[in-house]
Each structure stands twice: as structure tokens, then as C-alpha cells.
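Enquirer: To convert, take the position in the sequence shown, counting from 1, and add 744; that gives my numbering. Pasting a structure here, questions to come.
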Amino acid sequence: DGEWLDSGDLAYMAGGDVYLTSRVKDIIIRAGRNIYPYEVEEVVGNIVGIRKGCVAIFGCREEVSGTERVVVLAETRETAETTLARLRTQVIDVATDLLGTPPDDVVIAPPHTVLKTSSGKIRRAGSRELYEQGRIGAPQRAVWRQFLRLSLAGLLPQWRRAQRMLGDTLYAAYAWSLFWILAPFTWLTVVCTPVSSWRWAIMRGAARLLARLTRTTLHAEGLEHLPASQPCVIVCNHSSYLDGMLLVATLPMPFSFVAKQEFTGHLRNRLFLQRIDAVFVERFDTRRGVADVEQLVKAAVAGRSLSFFPEGTFTRMPGLLPFRMGAFVTAVEAGLPVLPVVIRGTRSMLRGSSSFPRRGSLSVTVCPPIKPQGSDWEAAIRLRDAARGEIQRYCGEPDLDHETPLVEKKMQQNEGGE
745 DGEWLDSGDL AYMAGGDVYL TSRVKDIIIR AGRNIYPYEV EEVVGNIVGI RKGCVAIFGC
805 REEVSGTERV VVLAETRETA ETTLARLRTQ VIDVATDLLG TPPDDVVIAP PHTVLKTSSG
865 KIRRAGSREL YEQGRIGAPQ RAVWRQFLRL SLAGLLPQWR RAQRMLGDTL YAAYAWSLFW
925 ILAPFTWLTV VCTPVSSWRW AIMRGAARLL ARLTRTTLHA EGLEHLPASQ PCVIVCNHSS
985 YLDGMLLVAT LPMPFSFVAK QEFTGHLRNR LFLQRIDAVF VERFDTRRGV ADVEQLVKAA
1045 VAGRSLSFFP EGTFTRMPGL LPFRMGAFVT AVEAGLPVLP VVIRGTRSML RGSSSFPRRG
1105 SLSVTVCPPI KPQGSDWEAA IRLRDAARGE IQRYCGEPDL DHETPLVEKK MQQNEGGE
């Protein structure tokens, strides 16, 4: 079905996990009643003379009446006519007791008639095709003919996969080419432009141009929640390296990114981030935490909106990681509202530890601001929980609050070494 594979399974999704329930083709509908074949197959397989695990029950559509006929296909090694007749009668009796009505047809077939998957599961749809084509009990084709038929049948799917892979590779190369064409120009103009509002206009224009040229749809909701005259503390879920670019492209307001101190080790990154008024904090040295918060509070009180990724990192695995407290302590001490912003689509477009961008659409949802209630640590915790709850509500990913990201593990190791 396009780029999707229809497996024929019935399932439901809860919390980002898929739970299989049954297969669509296995259900037999007769007189408005759903018949599930598993129980009948097991009981029929217990009949002496019937090969256990070699029974298939399936429905065949009756062309004249339009109803489904129930067919029982069972294997046996017996060859005597009297024995086959006895087995057929026993199968009819057992099936009638379980189904409440006799099956329309019972076929006692030689071994290896019931088709199975490589893992030993019954292929009911394939067995039904054999029955409808009248090939039950027919001699099997030569192995070389079967191999040739399977090889030819696999050519078309392989060709389609090769086409998709080639298309994805060409798109990734095209996207990176555009990025490396725009990036030097954007970096140079941002670094050299003297006015902050001009720098933001250049960044926003470059981000939107890149999205347009790569045919990436940008969608923003809840922009009416952006404060008009007051700075705020923006907190976002972190999914990909594309998150910052998406915020710049969609939020019509300047803000200061809170970036990790490691970025200052590279001149190129440090110059660019300094020109857009980023604030640098140390992730691994907890002794610097108080000084970092004081620095952030001063920036917020001075009228700068701060943008945090409170997860501190992102992973290839989907899910919302635990939030660190820096953003919320800053909001409480500065008396500023927290603005939860939900990012969706960036992880699918460019996953962590991957440099292979894929086609996709990106969205940002701005939730209503949350004002701090109090000025102590408990108020910061309440603020964190409320903001995380809003983001969890809209991000569409499982809750990984119990996970410990690698950043936190590194901090714990550093503290333990001291």
C-alpha cells in the first residue's frame, strides 16, 4: 500500500507500542457469527490418525449464495478407504460440536498438503487457494521449478525496494547539498550582521527556504499562546538535530537558545551561537549549576526569552526522557511563565546518530503558558511536572520517565569519581 506493507494483522496501538490480536484473513464469518479456527484445529489434530498441527480451517466464498463455506483440511498418513471414511466422520462430529453446525466440506489429505510458514504457522489463505484451485493431493512441482517461480516472484518487490532506496539516497544527497550551500552564507551573514533582529530574519528565512526546497511541510499550532510583551521560558521535547532549525523557522519571535558548554570548543559554533545570544551551560559539572542558573536568571530578567531542551539530549529510540530542573528553577526565580512547545516529525526525518535525512513533515504545537506558583524548589518541581505533562500529551511518543539518559549516567560517574 504505497510505502507501507499491509501485513493483514488486526492490532491496536497504545503508548507507542503495537499489540497484535489476530489476522483479518483467518476470521470466518458465517450467518453473522465470527468463527476463529484455532480451537477447532487443535481439537481435530488430537484425533487418532490425524497429523497434529497439520489441520487448517478456512472459509471459501460460495459464488451462488454469497455466503462463506467452512472447510476443514486435515492431513493423515492413512491410505485405506475405510480408515479415511472413519476419520472424515470423526472430524465432522468434532467440528460440529465446536462450531454448532457441521462444516460444509472435510478434506482428508496426504502429508505436506497443509501449507505452513518457515516458522511452522498454518498458512490458511494459501491452503484455501489450493482448495479453490482443486490442487489438494496433486503431486508437488519439482524443486527447481519452485525455486525458479519464487525467484521470479521476488524480482518485482526487489526492484521496488531498489527504487525506494535509490530515491531515498538521492533525496538525502539533495538535502545535504542544499544545506551546505545555504549554511556558509547563513553563518557569514549572521556573524557579520550588526542588528539582532536582522540576524534572526536571516536565520528564519534560511530555515524556511531549506524546508521549501526539500519539500518539507512546516505546520505550527497555538501561536496565539506566545506572549506579546513578556519574556518566557520555552521548554521543548528534544528529538533530533533538526529541532533548533524547526523552532527558528516556526516561532515568530526571537529567543536565546540554552546550549551546552561543549559548543564553545569549536570557533565556528561559538561565534554563531554568540551572535544569536545563546547562553552556555555546563552539563556535567554539577558545581557549576548554581552559577549557570544565576546567569540564566539574569538573562531572563533582562528581557530575553530562553529556549531549553530539558531532556538534555535525544536518542534514536522514540520517547520523552526525564526533564532536568534548570529551566524550571530559572522560571521560578525569574518569575516568568513556562511555555511548553511540542515538536513532532524531526526524529523520523533525521534520527539520532544518523546522517541520512528522509522526507517528512514537521510540526510545532505551542501550549498555553504555565505560571509558577511559588518561588521555592517545590514550585519548580510542580512547574516541571505540569510542562512535561503538556508535552507528553501532544508529542505522540511513549513516556520514558524511568529511563536514565547517557548524559545523566556520565554525570553520576563524574560525581562518583570525586
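Ideal Cβ positions, reconstructed from N, Cα and C, are used throughout, including at glycine. Only a predicted model underlies this, so the values are computations on that prediction, with no experimental measurement involved.
By the 10 Å Cβ neighbour count, where 16 or more other Cβ atoms means buried, how is Gly-1056 classified, buried or exposed?
Expert: buried
Enquirer: State the beta-bridge partners of Leu-926 as determined by DSSP.
Expert: Paired residues: none, contrary to the question.
Enquirer: In or out: Glu-806 buried (at least 16 other Cβ within 10 Å) or exposed?
Expert: exposed
Enquirer: By how many angstroms is the C-alpha of Arg-1102 removed from the C-alpha of Tyr-915?
Expert: 7 Å
Enquirer: Using the C-alpha atoms, what's the distance from Tyr-1138 back to Phe-965?
Expert: In the sequence on display, residue 965 carries Glu and not Phe. Approximately 11 Å, taken between the alpha carbons.
Enquirer: Between the alpha carbons of Phe-1001 and Gly-870, how many angstroms are there, rounded?
Expert: Answer to the nearest angstrom: the Cα atoms are 58 Å apart.
Enquirer: Please report the distance separating the alpha-carbon of Gly-949 from that of Arg-905.
Expert: 36 Å
Enquirer: Helix or strand or just coil, what does DSSP make of Val-939?
Expert: coil
Enquirer: How should Asp-987 be labelled, buried or exposed, when 16 other C-beta atoms within 10 angstroms of its C-beta is the threshold for buried?
Expert: buried
Enquirer: According to DSSP, simplified to helix, strand and coil, what is Arg-813?
Expert: strand
Enquirer: Does the distance from the CB of Val-1045 to the CB of Asp-1036 come in under 8 Å?
Expert: no
Enquirer: Look at the alpha carbon of Arg-1019 and the alpha carbon of Glu-1077, and state the distance between them as a whole number of angstroms.
Expert: 26 Å
Enquirer: Could you round the C-beta distance between Phe-1016 and Val-935 to whole angstroms and report it? I think they count as a contact, below 8 Å.
Expert: 6 Å
Enquirer: Put Leu-894 into one of helix, strand or coil per three-state DSSP.
Expert: Reduced to three states, the DSSP call for Leu-894 is helix.
Enquirer: Taking buried to mean at least 16 other C-beta atoms within 10 Å of its own C-beta, is Tyr-763 buried or exposed?
Expert: exposed
Enquirer: Any contact of the stretch 965-974 with the stretch 1060-1078, i.e. 3+ C-beta pairs under 8 Å?
Expert: At 8 Å Cβ cutoff, the stretches do not touch.
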